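The next block holds one structure in the form of structure tokens; read it before the comments.
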Amino acid sequence: MTESPNLSNRRTKPQPKPAPDEGRDPIDPPTRKPVEKLEEVTVAKLPRINIETTPEVFETLEFAKFKTKKSKRALVEEAVLAHWANYRTK
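As structure tokens, this is what we get:
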């Protein structure tokens, strides 16, 4: 029993990879790259508002759209802001 076993074929444990944020203080905010060019946000990139309404609200929106020549989205935004703007935190 004086011979030691052959350890050359043993599998070794894989070494853990360092985390991407290793060495950075978790309390510090992440650094951001300066913005070189601002993209113009178009309506197509914004999320759509899909609203199911009652027939009465639908008719009112259609009437307001006809009278003001504004989109339904703009009319809903104006109505929400007119009603809830006083409750927003400033």
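Each residue of the sequence shown is one higher than the last, beginning at 1 in UniProt numbering.
C-beta atoms are modelled at their ideal positions from N, C-alpha and C, and glycine is treated no differently.
The structure presented is a predicted model; accordingly, all values stated were derived computationally and were not measured.
key: Span of the alpha helix (DSSP H), counted from its first residue to its last, around Arg-11   = The count along the sequence shown starts at 1 and reaches residue 11 at position 11. Element bounds for Arg-11: n/a, residue is neither H nor E.
ask   = Rounded to whole angstroms, how far is the Cβ of Lys-65 from the Cβ of Leu-75, which I believe are closer than 8 Å?
value = In the sequence shown, counting from the first residue as 1, residue 65 sits at position 65. In the sequence shown, counting from the first residue as 1, residue 75 sits at position 75. That belief holds up - the Cβ atoms of Lys-65 and Leu-75 are roughly 6 Å apart, short of 8 Å.
request  = Note down the Cα distance separating residue 91 from Ala-19, rounded to an integer number of angstroms.
outcome  = Nothing can be reported for residue 91, as the shown portion of the chain is limited to 1 through 90.
ask   = Over what stretch of residues does the alpha helix (DSSP H) that includes Pro-5 continue unbroken?
value = Numbered from its first residue, the sequence shown carries residue 5 at position 5. Counting along the chain, Pro-5 falls outside any alpha helix (DSSP H), and DSSP gives it neither H nor E.
request  = Could I get the ranges of all uninterrupted beta strand (DSSP E) runs contained in the stretch 50–88, with 3 residues as the minimum, in chain order?
outcome  = none
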